[in-house]
Amino acid sequence: MEHKNINLTLKVWKQKNGQSQGRFETYLVNDISTEMSFLEMFDVLNERLIKEGKEPIAFDHDCREGICGMCSMYINGRPHGPWEGTTTCQLHMRAFKDGETIVVEPWRANAFPVLKDLMVDRSSFDRIIQAGGFISVNTGNAVDANAMPVEKDKADASFAAAACIGCGACVAACKNSSAMLFLSAKVTHLALLPQGSPERKTRALNMIAQMDKEGFGACTNTGACEAVCPKEISITNIARLNQEYLYAGLTADK
Amino acid sequence: MLNSKTPAGPLDQKWTDYKGHVKLVNPANKRKLEVVIIGTGLAGASAAASLGELGYKVKAFCFQDSPRRAHSIAAQGGINAAKNYQNDGDSVFRLFYDTIKGGDYRARESNVHRLAEVSSNIIDQCVAQGVPFAREYGGLLSNRSFGGTQVQRTFYAAGQTGQQLLIGAYQALERQVALGNVEMYNRHEMLDVVVIDGKARGIIARDLVSGKLERHFGHAVLLCSGGYGNVFYLSTNAMGSNVTAAWKAHKKGAYFGNPCFTQIHPTCIPVSGDHQSKLTLMSESLRNDGRIWVPKKQGDNRKPGEIPEEERDYYLERRYPAFGNLVPRDVASRAAKERCDAGYGVGSSKQAVYLDYADAIKRYGHIEAGKQGMHEADEATVIRLGKEVVKEKYGNLFDMYEKITGENPYEVPMRIYPAVHYTMGGIWVDYELMTTVPGLYALGEANFSDHGANRLGASALMQGLADGYFIIPYTLGSYLSDDIRTASIPTTDPAFEAAEKAVQERIQTLMNIKGTQTVESFHKRLGRIMWDKCGMARNAEGLKQAIAEIQQLKKEFWSDVRIPGAIDEMNPELDKANRVADFIELGELMCIDALDRKESCGGHFREESQTEEGEAKRDDVNFAYVSAWEYKGEHQWQLHKEELEFEVAKPTQRSYK
Ligand SMILES: Cc1cc2nc3c(=O)[nH]c(=O)nc-3n(C[C@H](O)[C@H](O)[C@H](O)COP(=O)(O)OP(=O)(O)OC[C@H]3O[C@@H](n4cnc5c(N)ncnc54)[C@H](O)[C@@H]3O)c2cc1C
Ligand code: SF4
Ligand code: FES
Chain E
1 MEHKNINLTL
11 KVWKQKNGQS
21 QGRFETYLVN
31 DISTEMSFLE
41 MFDVLNERLI
51 KEGKEPIAFD
61 HDCREGICGM
71 CSMYINGRPH
81 GPWEGTTTCQ
91 LHMRAFKDGE
101 TIVVEPWRAN
111 AFPVLKDLMV
121 DRSSFDRIIQ
131 AGGFISVNTG
141 NAVDANAMPV
151 EKDKADASFA
161 AAACIGCGAC
171 VAACKNSSAM
181 LFLSAKVTHL
191 ALLPQGSPER
201 KTRALNMIAQ
211 MDKEGFGACT
221 NTGACEAVCP
231 KEISITNIAR
241 LNQEYLYAGL
251 TADK
Chain X
255 MLNSKTPAGP
265 LDQKWTDYKG
275 HVKLVNPANK
285 RKLEVVIIGT
295 GLAGASAAAS
305 LGELGYKVKA
315 FCFQDSPRRA
325 HSIAAQGGIN
335 AAKNYQNDGD
345 SVFRLFYDTI
355 KGGDYRARES
365 NVHRLAEVSS
375 NIIDQCVAQG
385 VPFAREYGGL
395 LSNRSFGGTQ
405 VQRTFYAAGQ
415 TGQQLLIGAY
425 QALERQVALG
435 NVEMYNRHEM
445 LDVVVIDGKA
455 RGIIARDLVS
465 GKLERHFGHA
475 VLLCSGGYGN
485 VFYLSTNAMG
495 SNVTAAWKAH
505 KKGAYFGNPC
515 FTQIHPTCIP
525 VSGDHQSKLT
535 LMSESLRNDG
545 RIWVPKKQGD
555 NRKPGEIPEE
565 ERDYYLERRY
575 PAFGNLVPRD
585 VASRAAKERC
595 DAGYGVGSSK
605 QAVYLDYADA
615 IKRYGHIEAG
625 KQGMHEADEA
635 TVIRLGKEVV
645 KEKYGNLFDM
655 YEKITGENPY
665 EVPMRIYPAV
675 HYTMGGIWVD
685 YELMTTVPGL
695 YALGEANFSD
705 HGANRLGASA
715 LMQGLADGYF
725 IIPYTLGSYL
735 SDDIRTASIP
745 TTDPAFEAAE
755 KAVQERIQTL
765 MNIKGTQTVE
775 SFHKRLGRIM
785 WDKCGMARNA
795 EGLKQAIAEI
805 QQLKKEFWSD
815 VRIPGAIDEM
825 NPELDKANRV
835 ADFIELGELM
845 CIDALDRKES
855 CGGHFREESQ
865 TEEGEAKRDD
875 VNFAYVSAWE
885 YKGEHQWQLH
895 KEELEFEVAK
905 PTQRSYK
């Protein structure tokens, strides 16, 4: 693969902490190899800033393999940047042209308050899972794994939904800051498996109630979430969630 | 004297007997007992969930923003279990034997046998939790093979097995959080163990958002903090993976077991330049179907497609006909290094070999065409069908390769090179997973226990979950049953005061250095020393040099590091500095350990100890022991040996020919 070095202008959101006001700061970065990942470009910039006695830019990241869901940058108006089905950490500088200006912001949503610069607090997602995103089985209670066959189609569809990495890009992309894609992925993952069906009634109701409580918005089906999801979680999951919700509402015996 | 507390009796009865006789804690007492758990990877999350279910009061900590993001999430290929669903001759004994042999006879038999025994339960538990493992058309679970074995015992979820297993454990953990049995502390870093009257009684942790230090009491403390591969700077580990928790425990009295045992994984995407921040694994499962080769001619600059079949050297198939591309990792890595060092490497850096899918695509294409009744299918159709099959099996890995390199692996062979991946060494533990500090346990990759000198693929996930779901719930009771009368110790106790003060002072010292060099630059230099002198091949002279260089680096770090920002705020550079300072000390111990072990075994290759064919030569007469190092002060350690006895799996020279 051909590669070259490029020069860029970065406009990055800087914010000291959750209480303070933020603003954009402009940085010129030169000699960026197109072989670098987007975060490696930030590493290079941060090293320079520290040497110059300035504050580096704080951002979340860990696996840098597109699987932990930690990285979260809103790049040129799109969560995770221009490449489809890609997390920020997997985005590479080949995606940009020499001389380009790149604007980088944190996720913006009431339920994801900014902690510092590009880092936000996504613990609201954990609390949604606490509300019902599990199968209630204690350790040691399981029967033989092959005792309950699962149709391959269903298992595959369940797996596709379970691929969600909990990054929150769907929320960041949504004008209502709705968490419906995230939530529907979890409900689908569990509802499609026979193991998950005993709790179907309560799961959807409780998780949605928690979502509302956390301050996420309602879903108006704009599809922005699906378009930016790095794991290409399908919006059809939201339709399934609505069915589950309806089913639960109709049959709930509380 | 090191006491492994291995129960008496025949190997295959030990665990059953142990469980039958271990002391229990009654439910009312469990509610009064507090357990601190560091880490929420497979080991920590499964332990926290299981202990919470049992009724203990659990506090769990992780440095990421959610327990679901622990490094276990990145595991790709699969998890082993002796289910014998394929009826291909697998058994508990065979899994035990493969693991002992794969580890080059440097693991404790009793622990490994127990691991094989509980392996089946893990799969049952995960399926019950809703882990969507791959299935066959009949609805039953699918298996694949992995290196170092001749049976298909690996369960998987495409290339995202770790993710699916961790999400299962994470959901179980969050359920316990909702029930009030587990308190979760995200974005917290454990910075010391508190020891009172010789027992581990809590920790000092830093809230990474506010920068404040906190004290947490526990009747017992479980370290599930993962491996230390990042001592090499470049590795396949997540950026935040670190040795800090384990190192603090080590300095408080926990012996460190076999620190030099490092796994270098043969199939990773090669380094592309100085900016490289981490390396990406291409799962071992790819060696199931891919073929590894280099040109037969040195310095051959032709494109791979232009090199005809007869001019390719499938060196693993040539050297190891019985296992071919599926030899264990240490063997495959050294073979790649050997070819590249001899001038046969490919790509612009020449530090790479090819992993080629062309044959697999054709083979699968023919099978698929047959299944679909297209017996006359032309070449293009076969290839199209073959690519579809390969995509289903390995799609996410191929995509990842393309994103990183910009090359399409369905069309051109991947370039791969070995990279640091896993650390078999870790905190020494006895049969009950207790360290040499009473009440302090180590689980998962953080301990040294089950993989000897080389870990087989798909066995780390198995071990992490075995430790957390099925072992600690029993062994912890054995200790805590004597502790039911110990009331919670208030964190105003002088031991907590002193520990917090020491942590505070260290942070203050670091911040006050105000030097000129970045934390990152020190980490890179440490990594370079380790990779060059304590990496894939080691020798006495190089190791001695490395020790001197690391000691020098440590001096420089503590006099010239520059950490921006302040203490009482979110400060990722300070977090990194805390970790790198510990990595530097660990690096020295790893070299000391590698120097002591004059034999070659598993991933530890001493150039002085090899056969004429360049294979590792073990020395069972002098080195059939676990090295357990006791910290004695700066640059000083004392070696304790746990002699290994093999009653069942008698050591032989490992051969995969
Ligand atoms: C890319 C990759 C692929 C792999 N694929 C496979 C595979 O297919 N099969 C297999 O069996 N194995 C595989 N492995 C190995 C396996 O993933 C790991 O060994 C295993 O997941 C480790 O689990 P763990 O629970 O011990 O630790 P980890 O998952 O590393 O978790 C460590 C936890 O400790 C916390 N922590 C660490 N330090 C501190 C501190 N000071 N304070 C507070 N918290 C702390 C972290 O936040 C985290 O929660 C792979 C490894 C890599 C790198
Ligand atoms: S649904 Fe997609 S965008 Fe939303 S959290 Fe999951 S992976 Fe991220
Ligand atoms: S850093 Fe893990 S997904 Fe990007």
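If you read the protein sequences in the order shown, they are chains E and X. FYI, this note's numbering numbers position 95 of the first sequence as 95, with every residue one higher than the one before it. FYI, this note's numbering numbers position 566 of the second sequence as 820, with every residue one higher than the one before it. Even glycine gets a Cβ: it sits at the ideal position worked out from N, Cα and C. These numbers were taken from a predicted model, which means no experiment stands behind them.
_Would E/Asp98 pass as an interface residue toward chain B - the criterion being a Cβ-Cβ separation below 9 Å?_
Protein chains E and X are contained in the structure displayed, whereas chain B is not.
_If we define contact as Cβ-Cβ less than 9 Å, is E/Leu118 a contact residue for chain X?_
Taking the first residue of the first sequence as 1, we reach residue 118 of chain E at position 118. E/Leu118 does not count as touching chain X.
_Any heavy atom of ligand 2 nearer than 6 Å to the CB - residues listed_ = Listed along the chain, these residues meet the criterion: E/Cys164, E/Ile165, E/Gly166, E/Cys167, E/Gly168, E/Ala169, E/Cys170, E/Leu181, E/Phe182, E/Ala185, E/Cys229, E/Pro230, E/Lys231 and E/Ile233.
*Please classify E/Asp60: is it buried, with 16 or more other beta-carbons within 10 angstroms of its beta-carbon, or exposed?*
Along the first sequence, one-based indexing puts residue 60 of chain E at 60. It counts as buried.
*Proximal residues, the stretch 189-208 of chain E versus chain X, C-beta separation under 8 Å*: His189, Leu190, Leu193, Gln195 and Gly196
*asked:* Within the continuous alpha helix (DSSP H) that includes X/Ser304, where are the two ends?
replied: In the second sequence, residue 304 of chain X corresponds to position 50, counting from 1. First-last of the alpha helix (DSSP H) with X/Ser304: Leu296 to Leu308.
_On the DSSP letters alone, give me the boundaries of the alpha helix (DSSP H) that E/Met207 sits inside._
Position 207 of the first sequence, counted from the first residue, corresponds to residue 207 of chain E. Unbroken alpha helix (DSSP H) run through E/Met207: Arg200 to Lys213.
*Say whether chain X places a C-beta atom closer than 9 Å to the C-beta of E/Lys254.*
Within the first sequence, the letter at position 254 stands for residue 254 of chain E. For E/Lys254, the predicted structure reports a pLDDT of 47, less than 50, and the residue's modelled location is therefore unreliable. A value from the coordinates is still provided. Cβ-Cβ to chain X under 9 Å: no for E/Lys254.
*What three-state label does DSSP hand X/Thr490 in the structure shown?*
Here residue 490 of chain X refers to the residue found at position 236 when the second sequence is read from its first residue. Here X/Thr490 carries a coil assignment [DSSP, helix/strand/coil].
*Give me the Cα-Cα distance between X/Asn283 and X/Cys316, rounded to the nearest whole angstrom.*
Start at 1 with the first residue of the second sequence, and residue 283 of chain X comes out as number 29. Start at 1 with the first residue of the second sequence, and residue 316 of chain X comes out as number 62. If you take the alpha carbons of X/Asn283 and X/Cys316, they lie about 27 Å apart.
*Spell out a yes or no on whether the stretch 478-489 of chain X and the stretch 453-461 of chain X are touching, meaning 3 or more CB-CB pairs, one atom from each, closer than 8 Å.*
no
*Does the beta carbon of X/Ala492 sit closer than 9 Å to a beta carbon anywhere in chain E?*
Position 238 of the second sequence, counting from 1, holds the residue named residue 492 of chain X. Yes, X/Ala492 counts as interfacial toward chain E.
*asked:* Suppose you measure from the CA of X/Arg360 to the CA of E/Lys175; what does that come to, to the nearest Å?
replied: As a working note, residue 360 of chain X is residue 106 in the second sequence. As a working note, residue 175 of chain E is residue 175 in the first sequence. Their backbone Cα atoms lie some 58 Å apart in a straight line.
_Near ligand 1: X/Gln806 beta-carbon under 8 Å from a heavy atom_ = Within the second sequence, the letter at position 552 stands for residue 806 of chain X. False, no ligand heavy atom lies under 8 Å from that Cβ.
*Kindly indicate which residue of X/Glu839, X/Gln758 and X/Leu734 has the alpha-carbon position closest to the one of X/Gly472.*
Within the second sequence, the letter at position 218 stands for residue 472 of chain X. Among X/Glu839, X/Gln758 and X/Leu734, the Cα nearest to that of X/Gly472 belongs to X/Leu734.
*Who pairs with X/Phe471 in a beta bridge, going by DSSP?*
Reading the second sequence from its first residue, position 217 is the one you call residue 471 of chain X. Bridge partners of X/Phe471: X/Gly456.
*Whose C-alpha, out of E/Thr202, E/Gly66, E/Phe24 and E/Glu55, is nearest the C-alpha of E/Lys231?*
In the first sequence, residue 231 of chain E corresponds to position 231, counting from 1. Here the closest residue by C-alpha is E/Gly66.
_Inter-residue Cα distance where the pair is X/Gly856 and X/Glu686_ = Walking along the second sequence from the start, residue 856 of chain X turns up at place 602. Walking along the second sequence from the start, residue 686 of chain X turns up at place 432. If you take the alpha carbons of X/Gly856 and X/Glu686, they lie about 25 Å apart.
*According to DSSP, is X/His858 helix, strand or coil?*
As a first step, residue 858 of chain X must be located in the second sequence, where it is residue number 604. In this structure, X/His858 counts as strand in the three-state DSSP scheme.
*Does E/Ser37 come within less than 9 Å of chain X when only Cβ atoms are used?*
The sequence position of residue 37 of chain E within the first sequence is 37, counting from 1. Yes, E/Ser37 counts as interfacial toward chain X.
*Tell me which same chain residues have a C-beta within less than 7 Å of the C-beta of X/Val447, skipping the five on either side of it?*
Position 193 of the second sequence holds residue 447 of chain X. Contacts found: Ala454, Ile457, Val475, Lys502, Ala503, Lys506 and Leu694.
*asked:* Restricting to Cα atoms, I'd like to know which of X/Gln892, X/Arg566, X/Gly731 and X/Leu540 is closest to X/Gly274.
replied: Translated into the one-based positions of the second sequence, residue 274 of chain X becomes position 20. Comparing Cα positions, the closest option is X/Gly731.
_Given E/Arg108 as reference, the closest of E/Ala204, E/Gly22, E/Ala147 and E/Leu8 once Cα atoms are compared_ = Against the first sequence, residue 108 of chain E aligns to sequence position 108. Nearest of E/Ala204, E/Gly22, E/Ala147 and E/Leu8 to E/Arg108, Cα basis: E/Gly22.
*Straight-line CA distance for X/Ile817 to E/Leu45?*
Along the second sequence, one-based indexing puts residue 817 of chain X at 563. Along the first sequence, one-based indexing puts residue 45 of chain E at 45. Taking the straight line joining both Cα atoms gives about 15 Å.
*alpha helix (DSSP H) containing E/Asn237: first to last residue?*
Mapped onto the first sequence, residue 237 of chain E falls at position 237. Its alpha helix (DSSP H) spans residues Thr236 to Thr251.
*Within this structure, are the beta carbons of E/Ala224 and E/Tyr74 separated by less than 9 Å?*
Counting from 1 along the first sequence, the entry for residue 224 of chain E is found at position 224. Counting from 1 along the first sequence, the entry for residue 74 of chain E is found at position 74. Result no, Cβ atoms of E/Ala224 and E/Tyr74 do not sit closer than 9 Å.
*Where E/Lys254 falls, given that 16 or more other Cβ within 10 Å makes a residue buried*: As a working mapping, residue 254 of chain E is identified with position 254 in the first sequence. Caution applies to E/Lys254, whose pLDDT of 47 falls short of 50 and renders its modelled position unreliable; the value that the coordinates give is listed next. By the 10 Å Cβ count, E/Lys254 comes out exposed.
*For the candidate residues X/Gln517, X/Cys845, X/Ser326 and X/Lys337, whose alpha-carbon lies nearest to that of X/Asn708?*
The residue you call residue 708 of chain X lines up with position 454 of the second sequence. X/Asn708 has its Cα closest to that of X/Gln517, out of X/Gln517, X/Cys845, X/Ser326 and X/Lys337.
*Give, in chain order, every residue of the stretch 31-58 of chain E whose Cβ lies closer than 9 Å to some Cβ of chain X.*
Ile32, Ser33, Thr34, Glu35, Met36, Ser37, Leu39, Glu40, Met41, Asp43, Val44, Asn46, Glu47, Leu49, Ile50, Lys51, Gly53, Lys54, Glu55, Pro56 and Ala58
*Would you check if the distance between the CB atom of E/Gln210 and the CB atom of E/Ala161 is smaller than 9 Å?*
Looking up residue 210 of chain E in the first sequence gives position 210. Looking up residue 161 of chain E in the first sequence gives position 161. No. Outside cutoff.
*Chain-ordered residues of the stretch 804-827 of chain X with a beta carbon less than 7 Å from chain E*: Arg816, Pro818, Gly819, Glu823, Met824, Pro826 and Glu827
*asked:* Could you tell me the alpha carbon to alpha carbon distance between X/Gly649 and E/Ala191, rounded to whole angstroms?
replied: In the second sequence, residue 649 of chain X corresponds to position 395, counting from 1. In the first sequence, residue 191 of chain E corresponds to position 191, counting from 1. Looking at the two C-alpha atoms, the distance is approximately 25 Å.
*In chain order, which continuous runs of the alpha helix (DSSP H) of length 4 or greater are located wholly inside the stretch 122-149 of chain E?*
123-130
*Within its chain, find whatever has a CB closer than 6 Å to the CB of X/Lys871; leave out the 5 residues flanking it on each side and keep chain order.*
Start at 1 with the first residue of the second sequence, and residue 871 of chain X comes out as number 617. Taking C-beta separations shorter than 6 Å and ignoring five residues to either side along the sequence, the partners of X/Lys871 in its chain run Ser854, Ser863, Gln864 and Thr865, following chain order.
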